[in-house]
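Going letter by letter, the sequence shown gives residues 0 to 587 in numbering that gives the first Met the number 0.
Just so it is clear, CB atoms sit at the ideal spot from N, CA and C, and this is done for glycine as well.
Below is one structure, written out as structure tokens; comments come after it.
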Amino acid sequence: MSERPDAGSRPSRERELASLYATARSLTALGDVEDVLESIVRHAHDLIGTDFTYLSLLGDDGTLSITASEGTISAAFRSARIPPHTGLGSKVVDTRAAHWVEHYFEGGHLRHDPGFDAVVDSEGLVALLGVPLLARDRVIGALFAAHRSRRRFRTDEIALLSAFADHAAIALDNARLYEQSRGALAELRSAYRTIEEQMAVMQRAQAVHEALTGVVLAGGGPLVVASELAGQMGGQVEILDRDGALLARGGAEDPASREPGSDEVIAGVIEQARRTGRAATVPGPDGRRHSAATVRAGDSLLGTVVWSHSQQPSAVDARSLELATHVVGLLILKDNAVADAAERLSGELLTELIVAGPQVSATQRTRARSRGVDLDALNVVVIASADGASAASLVRHLHPIARQEAGLAGEHLGRAVLIAAAGPAEAFARAVHQRLRAASGQPVTVVCERVTGHDWARAVSRAAGCTAVVRHLGARDLGTTTDRFALYALAFDADRRDELDRFLADAIGPLLDYDTKRSTDLVVTLDAYFGNDGNLRRTAQALQVHLNTLLKRLDRAADVLGHDWRAADDLPLRLAIRLECLRRAVLR
């Protein structure tokens, strides 16, 4: 399978985005449709780096016609037509979303046309990624990146080509409109004023778009973009992330001065914009207007741009707001890529420290210092778990805590792990628990263990074992330390495993041997019996067996142990049964 070099690194990602911005600006300078088509496939080929790229326009009958290509060989392919509801292109057009196949002829979910399959074969096309070209809320065609060998397309490649397609569709649509306008002027001079107004709308909207693009190319972040957009359009501009959290605000308005009910109005217009996919405007309780447009990359919702202003927005304003979302989307993609890379490096270093043991290399210290982390100060390990939540999802919530506490977060052996510098361990465990619970919206178990002498591996082992014990005991929503469960340390402390083995052998060794040889589970039976305070009916219900079956099992346990354990002091037996069940929970 052919793969591109890693595009997730920050320098490479920023080069791609800078290239995308420059390409978008160059497209806006072209007026001829043919020039725009050739420029789109040429720049897409340079941007994505596949063997060849091509663009198909959608006809009125649903046929996709290849109108421009870069890197192709076959003349037949360059003029091919794809019938409706056929191939990958139909999926892109019908769903208005990006799709890809690792191998075109092995994509069993695709409908194939023999004629087009023949030109595909002559061109040597194997892997294919297609993204829609959307203009004014309709599909006008599709842009494809193709490879002559098997490969998989990464999420960042799909998002990058989708973002480029958004710009390309705007440029192509503008070029088409421009050509139509020129034809209309030649045929009907009376339409001149209307066409002139339309061009003014596009030019002013494009001017806003280019101004924002220049700000981002100069290194501006969300705050600079919001301020520039507010300066261009007046009023106040807010940029929100996908969850509605404020990323940046520009303009002179003080949010505290809003009339009561404004927040509800803004929430409503955001929902309307997300539902329709177009800029939406509603009046506020104070007479002001609030407009919103969603920020998307392909099918992914990245955020929302909200504009609060005093006048009814014109068509120019609505268009400018929608174009601004493309620039904001690229900015968010860049920031997300940088954050993802930083979090991945954090997880890799965390795993290295745990696996390497107490010995810390000079390279690891240098890498930690570059992230603002002092390895000598990392004195606690936290394990987090929650029912129905993956370790990866919990790690995403641990990363902000790690950055704030100058620590590291990542996934290790399927567990969400945080290593940090903290004061009292109990207070730190409770604080992490509260933040994770608020961020995830569900009960979370957090167990904290002190680290001694850089032995993070031992601390992770004890915290993980204690977590299994805590959850086996029924706790699902708490922040605690291993010290709070020291009574059960025999079950989760690897250094005391020999002690536990000797105690279990003395107390219930025959019972363990019997279960192992006969594949029975008398240990579980006694655990249920003790857990139900010796009540036979409740024990049978807990084990889901008949009462007579339970009585036979209890008699068999007495035979195996060699004494009537129910008539004797059963404290050692109770403790041994409980520790064995806890050990099984830890080893599970």
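- The beta carbon of Y513 is closer than 6 angstroms to those of V559 in its chain, skipping five residues each way along the sequence.
- Burial check for R475: the Cβ neighbour count within 10 Å stays below 16, so the residue is exposed.
- Ranked by Cα distance from R395, the first of A296, L377 and R414 is R414.
- Approximately 7 angstroms separates the beta-carbon atoms of A556 and T524; this is inside 8 angstroms, confirming the contact.
- Contact between E122 and I47 is ruled out by a C-beta separation of about 17 angstroms, above the 8 angstroms threshold.
- In the same chain as D500, and ignoring 5 residues on each side of it, no C-beta atom comes closer than 8 angstroms to its own.
- DSSP places F427 in the uninterrupted alpha helix (DSSP H) bounded by A424 to S439.
- In the three-state scheme derived from DSSP, where H, G and I count as helix and E and B as strand, E448 is classed as strand.
- Inclusion of E209 and A225 in the CB contact set at 8 angstroms is not warranted, their separation being larger than that value.
- Excluding the 5 residues flanking it on each side, G61 has same chain C-beta neighbours closer than 7 angstroms at P83, in chain order.
- Annotated three-state conformation of F143 is strand, per DSSP.
- Between the stretch 356-368 and the stretch 264-277 there are fewer than three C-beta pairs closer than 8 angstroms, too few to call the two in contact.
- Excluding the 5 residues flanking it on each side, A458 has same chain C-beta neighbours closer than 6 angstroms at V380, E448 and V450, in chain order.
- Within the same chain, Cβ atoms closer than 7 angstroms to the Cβ of R77 are found at I65, S68 and T71, the five residues on either side in sequence being excluded.
- Taking 8 angstroms as the cut-off, the Cβ atoms of G249 and Q231 do not count as close.
- The stretch 86-154 is shown to contain whole alpha helix (DSSP H) runs of 4 or more residues at 86-94 and 113-122, in chain order.
- Taking 4 residues as the shortest admissible run, the stretch 328-378 contains the following complete alpha helix (DSSP H) segments, listed from N- to C-terminal end: 361-369.
- Beta-carbon to beta-carbon, L239 and V35 are separated by about 33 angstroms, too far to satisfy the 8 angstroms threshold.
- Contact between the stretch 111-120 and the stretch 130-137 is absent: fewer than three C-beta pairs spanning the two stretches fall below 8 angstroms.
- Note on geometry: alpha-carbon atoms of V32 and A229 lie some 32 angstroms from one another.
- Comparing alpha carbon positions, the residue from R583, R273 and S290 closest to R318 is S290.
- A Cβ-Cβ separation of about 5 angstroms places A278 in contact with L320 under the 8 angstroms criterion.
- Just so you know, the alpha carbons of D262 and R343 end up roughly 36 angstroms apart.
- Where H308 is concerned, there is no enclosing alpha helix (DSSP H), although the beta strand (DSSP E) around it starts and stops at S299 to H308.
- Apart from the 5 residues on each side of it in sequence, A506 sits with its Cβ closer than 8 angstroms to the Cβ of P571, L572, L574 and A575 in its chain, given in chain order.
- A distance below 8 angstroms between beta-carbons, with the five flanking residues on each side excluded, links P509 to the following residues of its chain, in chain order: V559, L560 and G561.
- Within the DSSP bridge table, the entry for Q235 names S307 as partners.
- Assigned with DSSP and collapsed to three states, S73 falls in coil, not helix or strand.
- Taking a contact as a CB-CB distance under 8 angstroms, the pair T479 and V446 counts as one, their CB atoms being some 6 angstroms apart.
- Exclusion of the five residues before and after L393 leaves A383, S384, A385, A415, L435, S439 and V443 as the residues of its chain whose Cβ lies within less than 8 angstroms of its Cβ.
- Residue pairing by DSSP places V281 opposite H289 in a beta bridge.
- With 16 or more other Cβ atoms from the protein chains shown falling within 10 Å of its own Cβ, F484 counts as buried.
- Scanning the stretch 533-557 for uninterrupted alpha helix (DSSP H) segments of 4 residues or longer gives 535-542, listed from N- to C-terminal end.
- Boundaries for L397: no beta strand (DSSP E) harbours it, while the alpha helix (DSSP H) harbouring it runs A390 to Q403, taken from the DSSP string.
- In this structure N173 is buried. Its beta-carbon is surrounded by 16 or more other beta-carbon atoms within 10 angstroms.
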